[in-house]
Each structure stands twice: as structure tokens, then as C-alpha cells.
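Participant:
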Amino acid sequence: MAKITVKDTSVTIISVNENDYISLTDIARYKSDDPTAVIGNWLRNRNTIEYLGIWESLYNPSFKPLEFEGFKKEAGLNAFTLSPTKWISTTNAIGILSKSGRYGGTYAHKDIAFKFASWISVEFELYIIKEFQRLKTEEQQQLGWSAKRELSKINYRIHTDAIRQNLIPVEVTPAQAGV
């Protein structure tokens, strides 16, 4: 779990199955003290439902398109409401996660989260993308250091084994070799 700060708002990023999920709850706090209502209003939007459906169709083989069509028909109507949990359970969605308890909230795949951030504020979207890219650059730099360290460790083992096998004569006892 990582955190970035965007326009004085702390935003949590978690990794699920090697994909980054960004907290929609944290992003919504930038706009209002009631993030659940903000997310609910965003999910009522017809364009949002279409975007989510297309995203799921591209990345989720077990997505239920018939249930999606039902939401798409109702989207935009005054009486239409949709929660993240209902979207996930009905359509078998993987792009949005709803967690309860500590570190709970609504998380979305980075593609969806950036779309949500643009709905909140275009300025906020640009800042969150910039901070997210900075975080990923830092992670890559740390990963590069770790990979070099692991390669050095492996090379050291290969080196010592080669010396032991090729340079130390058979007649030398282990005690003499240790010296």
C-alpha cells in the first residue's frame, strides 16, 4: 500500500494481482466530506456506466454483459441509484473494489480512477496522474537497485563455486582450503 498527496489530499494506492487500484474514496474527499455520495452520483451517470462496461468487456472475461445492459438502460433516470457493491456483485466486475473495515473504501483500477478524477476536477486529474507517475518512477528505481543487488549476489556465488572447482587442487584438504 502506497500513499500519494495530491492538492493536500492523501490518496491510497493498493496493488491487486499486479494491478494498481487507487482509492476513489480518497479522491472524492477532495470534493466533499461525504465521499460515498460523490461516488454514488458518479455511478448514476450514463457515460460512467458505459465507460465501466466497456472497460470490463476489455479486461474481464467473466463480466456479465446482460446485467450491464440493464444498468445502461436505467442510467441517468431520476430514480436510478447504483452503489459500487451492487455494480460489483451484479456484473462480476473487477475494475472496482469495495473494501470494508480498516483501510476500507472504494478502490478502482488506475484507468477508472483517473476517469473519476477527471469527473471531480480536470486540475485534480492532472495532478494525480503526475504524482502517480512520480511514485511509479521511484518504485522502478528501487526495483533497479534490488535487481542489481540480486545479480551481484548470484555472480558472487558463481565466482566462488568456479574457484572452488577449478583453482583449488584436489589434494588440498578442506581445512587448508579454508585458510
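Quick note: the sequence shown uses the numbering used here, first residue 117, plus one each step. Don't be surprised by glycine CBs; every beta carbon is placed ideally from N, CA and C.
How far does the beta strand (DSSP E) with ASP149 in it extend, from its first residue to its last?
Facilitator: Note, ASP149: premise wrong, no beta strand (DSSP E); not H, not E.
Participant: How about PHE248 and LYS264: do their beta carbons lie closer than 9 angstroms?
Facilitator: no
Participant: Between TYR223 and SER148, which are expected to be in contact by the criterion C-beta below 8 angstroms, what is the C-beta distance as a whole number of angstroms?
Facilitator: With a Cβ gap of about 18 angstroms, TYR223 and SER148 do not count as contacting.
Participant: Can you tell me where the beta strand (DSSP E) holding ASP136 begins and where it ends?
Facilitator: 135-139
Participant: Starting from ALA209, trace the alpha helix (DSSP H) in both directions and tell me its first and last residue.
Facilitator: Segment: none, ALA209 is in no alpha helix (DSSP H) and carries neither H nor E.
Participant: In angstroms with no decimal places, state the Cα-to-Cα distance between PHE196 and ALA118.
Facilitator: Taking the straight line joining both Cα atoms gives about 34 angstroms.
Participant: In angstroms, rounded to a whole number, what distance separates the CA positions of PRO151 and GLY221?
Facilitator: In a straight line, the C-alpha of PRO151 is about 9 angstroms away from that of GLY221.
Participant: Assuming GLY221 is part of the beta strand (DSSP E), what are its boundary residues?
Facilitator: 221-225
Participant: In chain order, what residues of the same chain lie with their CB nearer than 7 angstroms to the CB of TRP158, ignoring the 5 residues before and after it?
Facilitator: THR164, PHE232, TRP235
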